[in-house]
Amino acid sequence: MSKASTGTRRTYNQYCGLASALDVLGERWTLLIVRELLMGPRRYIDLLNDLPGLGTNLLAERLKSLVDRGVARQVHLPSGGARLAYELTEVGQQLRPTVLGLARWGMEFVGAYSPNEVVRPHWGFLAVEAMLDQERLPAFDEAYQFDVDGEVFHIDVRGGRARAVKGPAESPAMIATVDAATFIEIGAGQQTPLAAMVTGRLKLEGDIEAVLRCCDVLGLEAGAMRGLPVAAARD
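Here our numbering runs 441 ahead of the position in the sequence shown, where the first position is 1.
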């Protein structure tokens, strides 16, 4: 990668859509900042806290670049405290399927969790959104709720489509309570839901058949869970 003739912004100097995309997003940390903004408007301090290892000067530089390119913009939050925040523009929101696709693809390379690695519960929301398999939905409407280290969201299956939705479900057919690291491990296939249940890292409430349908929607291997009685799937 070579430096552009103007400023310090780097470019591949290739007349190609992919190269142009990488000119915008290819710098270290940029896509992870986009990941955070896909969750909604984020204050500068929140981005800094959820991206440990990213220095404040580099964060400011990356945000300025995203704003200059029209991928993100500054907004004012209505709540008290630090009200200035960043959000994705319409152009930035177009990155959602690309980021979700990369997250789903990257699950193949997620290894065993190390205490030295950072994990945040809200990343579980995007993990679920990335894992949804619209070809493996139940024939009726229902919801599956997740409590990942206090971050609550759910899958809403309605009208032949599945969506990841922030907040609790009204009448969930299944509730899963789990820590963030275990949630990612299950999604990456590092351990099965059954193994996580046996070790007490995953607690399930609801009909075992709903649990199995949720596993199908997320493309998870239910394995021996199919032989469990209903009571075993309750907290």
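Note that CB positions come from ideal geometry on N, CA and C, so glycine has one too.
From a predicted model like this one, the values you see are computed outputs, not experimental measurements.
By the 16-neighbour rule on beta-carbons within 10 angstroms, C457 is exposed. Sixteen is the threshold: when 16 or more other Cβ atoms of the shown chains lie within 10 Å of the Cβ of R483, as they do, the residue is buried. Per DSSP, the beta-bridge partners of F587 are F594 and A617. For A663, the three-state secondary structure derived from DSSP is coil. In the three-state reduction of the DSSP assignment, A568 falls in the helix class, which pools H, G and I.
The Cβ-Cβ distance between R561 and A621 falls below 9 Å. Restricting attention to A526, V512 and G511, the CA atom closest to the CA of L518 is found in A526. Residue L479 holds the alpha-carbon nearest to the alpha-carbon of L541 among R602, S461, T640 and L479. Collapsing the DSSP output to three states places Q515 in a strand. In summary, I625 is buried, with 16 or more beta-carbon neighbours lying within 10 Å of its beta-carbon over all protein chains present.
In this structure the stretch 591-607 touches the stretch 559-579; the number of beta carbon pairs closer than 8 Å is three or more. Taking 9 Å as the cut-off, the beta carbon of V512 is found no closer than this to the beta carbon of V551. Nearest Cα to R545 within the set G628, D657, T633 and T471: G628. E468 places its beta carbon 9 Å or farther from that of D491.
Going by C-alpha positions, G565 is about 11 Å away from G591.
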